[in-house]
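Notes follow once the structure below has been shown.
In our numbering, the protein residues as written are 129 to 376.
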């Protein structure tokens, strides 16, 4: 029995929404409010976030296992997994188990070696007393200013040191050359349609990893910022709906 906090609204094809690191399920509200008129929307707080329990294990594998447990507990029949940022990484790993019918990845790169390069300068400070300042510095470039004022509060992040380190410790402690080798086998096992929407052009290394997913679709919505689902919920909703409907 899972203890994950969630909202369950609407009826129809089940969609499971997963938020990013230090965020909460409310960050999906403008999208869920639109889609729940047509689909069953299960909007989840990941472990250590929002109203979900603090378990001490916040890595992607623990998060994926918890989401799998929720899917089982709710009796969801092959849901579509929709994740933003870290939530999309959780969705990606979960899809490899074969229990979903599709994945939507909102702006989460899968090239962990490249991601390690981005966070490495902050690693020591994130582990020490300068955590809050270091985390703010890391997140300030994510494009919150692009989000309309009515949705700006939904980008708020709770900078919890234990949770952030629990999520990123594998990235910090694993050599860059080995990181992508950890996820490549999982990508090759994803047999369902996989839509990924990036807020900028992607690298060739990122594209190479994505092409390991047999049924991948890649879109680049340049200039939208990391919170593109809050910048333009209508466009995001329309694209998700079209993707889900083609799975039927």
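All C-beta atoms in this analysis are idealised placements derived from N, C-alpha and C, irrespective of residue type, glycine included.
DSSP bridge partner residues for residue i (one or two, in chain order)
| i | result |
| --- | --- |
| residue 261 | Answer is none; residue 261 lacks a bridge partner. |
| residue 134 | 172 |
| residue 143 | 169, 208 |
| residue 344 | 322 |
Residue i and residue j closer than 7 Å at C-beta
| i | j | result |
| --- | --- | --- |
| residue 160 | residue 233 | no |
| residue 130 | residue 193 | no |
| residue 318 | residue 224 | yes |
| residue 143 | residue 208 | yes |
| residue 219 | residue 282 | no |
| residue 358 | residue 230 | no |
| residue 239 | residue 337 | yes |
| residue 164 | residue 138 | yes |
| residue 176 | residue 168 | no |
| residue 310 | residue 241 | no |
| residue 162 | residue 365 | yes |
| residue 270 | residue 354 | yes |
| residue 349 | residue 327 | yes |
| residue 262 | residue 300 | no |
| residue 133 | residue 180 | yes |
| residue 322 | residue 335 | no |
| residue 213 | residue 148 | yes |
| residue 372 | residue 157 | no |
| residue 259 | residue 278 | no |
| residue 171 | residue 201 | no |
| residue 291 | residue 186 | yes |
| residue 150 | residue 285 | yes |
Opening and closing residue of the alpha helix (DSSP H) in which residue i lies
| i | result |
| --- | --- |
| residue 357 | 356–359 |
| residue 158 | 157–163 |
| residue 199 | 188–202 |
| residue 332 | 332–338 |
| residue 296 | 289–301 |
| residue 280 | 277–280 |
Status (buried if at least 16 other CB within 10 Å, exposed otherwise) for residue i
| i | result |
| --- | --- |
| residue 173 | buried |
| residue 246 | exposed |
| residue 235 | buried |
| residue 314 | buried |
| residue 189 | exposed |
| residue 228 | buried |
| residue 178 | buried |
| residue 216 | buried |
| residue 237 | buried |
| residue 360 | buried |
| residue 211 | buried |
| residue 329 | exposed |
Residue range of the beta strand (DSSP E) that includes residue i
| i | result |
| --- | --- |
| residue 325 | 322–326 |
| residue 312 | Where residue 312 is concerned, there is no enclosing beta strand (DSSP E), although the alpha helix (DSSP H) it sits in stretches over 304–316. |
Continuous beta strand (DSSP E) assignments of at least 3 residues falling wholly in the segment 224–270: 230–234
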